[in-house]
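Here's the structure, in structure tokens; my notes come after.
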Amino acid sequence: MMQTLTGRMGNSDDNVPILLDQATNQHEDSSVRVFSFNSIHHNRRSGGMYGYEASVAKTLDLKGGEPTCNQGGMIILQPKNEEETEAVFAASKSDFFTRATANQAGALLASDYTAPPMIASTTLRPRRLTPLECARLQGFPDDWCAGLAITDPSEDELDFWQGVWDRWNALRGVRPRSRTQVVKWLADPGGDRSQYKLWGNGIALPVAQHVLGRLKTYAATSDEPL
């Protein structure tokens, strides 16, 4: 089980707590191994700079605004394909663990003595989360962004979405979109880039359902206004 996405994921070189490691052969445990770095264990009051191994990834604690809490990014390692050449894949905090190199390690940093600087693997290769995985982490159904494209919009549809974009751009103080740009966006509104932005800035669905459900129950059973 992984934590939900957070707005602060990977935003500093000392704030990347999660590493997923897949078992590499039949003799090893087949479960996913989770390493939580720079976070606070429930059995310890002090922070664990170098982390610990657990079966479930730790979510944010009560001090979620502090850099010592578990609120960084994630690295997902998956088995390499048979046709891939043998290589050592390395990812370092020097580039916020956002990319990996083959057979080449990153430069040393002055802060390397304070936290694990590198992750290297010969049997696994790092990859990014897919939009579908981001949706699942946020608790949304797999088809949430399916069937959004309008390839042949009517004039009424164009007028509506043109108005939506005009209002949104005016609130942000940016140039309005042209009608051609709106048509192009309607043809592919759920591309990978849009979905990454959606899931990174969105709220986890179970959280919203829980909070709103409690408010609904309170409103239905209490005589006092909310």
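The sequence shown begins at 38 in the numbering used here and counts up one residue at a time.
Where a beta carbon is used, it is the ideal one built from N, C-alpha and C, also for glycine.
Just so we're clear, the structure is a prediction, and the values are computed from it rather than from any experiment.
*asked:* Does T138 come out as helix, strand or coil in the three-state DSSP assignment?
replied: As a first step, residue 138 is located in the sequence shown; it is residue number 101 there, counting from the start. Note: T138 maps to strand in three-state DSSP.
*Any chance you could list the alpha helix (DSSP H) runs of at least 4 consecutive residues sitting entirely within the segment 234-260, in chain order?*
Taking only runs of at least 4 residues, the alpha helix (DSSP H) segments lying wholly in the segment 234-260 are 242-258.
*According to the Cβ coordinates, are A186 and D179 closer than 8 Å?*
Locating residue 186 in the sequence shown gives position 149, counting from the first residue. Locating residue 179 in the sequence shown gives position 142, counting from the first residue. Not a contact, by the Cβ cut-off of 8 Å.
*asked:* So for G184, helix, strand or coil by DSSP?
replied: For the purposes of this step, residue 184 is identified with residue 147 of the sequence shown, where counting begins at 1. Coil.
*Count the other C-beta atoms from every protein chain shown that fall within 10 angstroms of the C-beta of L208, then say buried if there are 16 or more, exposed otherwise.*
Within the sequence shown, numbered from 1, the residue matching residue 208 stands at position 171. Residue environment for L208: exposed (fewer than 16 other C-beta atoms within 10 angstroms of its C-beta).
*Would you mind working out which of D260, P226 and L242 sits nearest W198, comparing C-alpha positions?*
Here residue 198 is taken as the residue at index 161 of the sequence shown, counted from 1. Ranked by Cα distance from W198, the first of D260, P226 and L242 is P226.
*Flag this pair as touching only if the segment 189-198 and the segment 212-221 have three or more C-beta atom pairs under 8 Å; answer yes or no.*
Because the criterion of three Cβ pairs below 8 Å is met, the segment 189-198 and the segment 212-221 touch.
*Evaluate Q246 with the Cβ neighbour count: other Cβ atoms within 10 Å of its Cβ, from every protein chain shown; 16 or more gives buried, anything less gives exposed.*
On the sequence shown, position 209 is the one that residue 246 refers to. By the 16-neighbour rule on beta-carbons within 10 angstroms, Q246 is exposed.
_Counting C-beta neighbours from all protein chains within 10 Å, is the total for W205 16 or more, i.e. buried, or is it exposed?_
In the sequence shown, counting from the first residue as 1, residue 205 sits at position 168. Exposed, since its Cβ has fewer than 16 Cβ neighbours within 10 Å.
*From C182 to D189, what does the alpha carbon distance come to, in whole angstroms?*
Position 145 of the sequence shown, counted from the first residue, corresponds to residue 182. Position 152 of the sequence shown, counted from the first residue, corresponds to residue 189. Spanning the two alpha carbons is a distance of roughly 18 Å.
_Backbone CA spacing between G239 and D260 [nearest angstrom]_ = Counting from one through the sequence shown, the residue named residue 239 turns up at place 202. Counting from one through the sequence shown, the residue named residue 260 turns up at place 223. Approximately 33 Å between the Cα atoms of the pair.
*In its own chain, which residues sit with a C-beta less than 6 Å from the C-beta of G176, not counting the 5 before and 5 after it?*
The residue you call residue 176 lines up with position 139 of the sequence shown. Only A241, L242 and P243 meet the Cβ criterion.
*asked:* When you measure from the CB of V244 to every non-hydrogen atom of the ligand GDP, does any distance come out below 7 Å?
replied: Looking for the ligand GDP in the displayed structure turns up nothing, as the structure carries no ligands at all.
*Sub-8 Å separation of W222 and P168 beta-carbons*: Position 185 of the sequence shown holds residue 222. Position 131 of the sequence shown holds residue 168. The answer is no: Cβ separation not under 8 Å.
*Taking just the CA atoms, how far does A139 sit from L249?*
Taking the sequence shown and counting its residues from 1, the one referred to as residue 249 is at position 212. Taking the sequence shown and counting its residues from 1, the one referred to as residue 139 is at position 102. When rounded, the distance between both Cα atoms is 47 Å.
*How is R212 classed by DSSP in three states: helix, strand or coil?*
Translated into positions along the sequence shown, residue 212 becomes position 175. R212 falls in the coil class under three-state DSSP.
*Exposed or buried, which one is L252 when buried takes at least 16 other CB atoms within 10 Å?*
By 1-based counting over the sequence shown, the position of residue 252 is 215. L252 is exposed by the Cβ-count criterion.
_Three-state class that DSSP yields for Q175 in the structure shown_ = If you number the sequence shown from 1, residue 175 lands on position 138. Assignment of Q175 by DSSP, reduced to helix, strand and coil, places it in the coil class.
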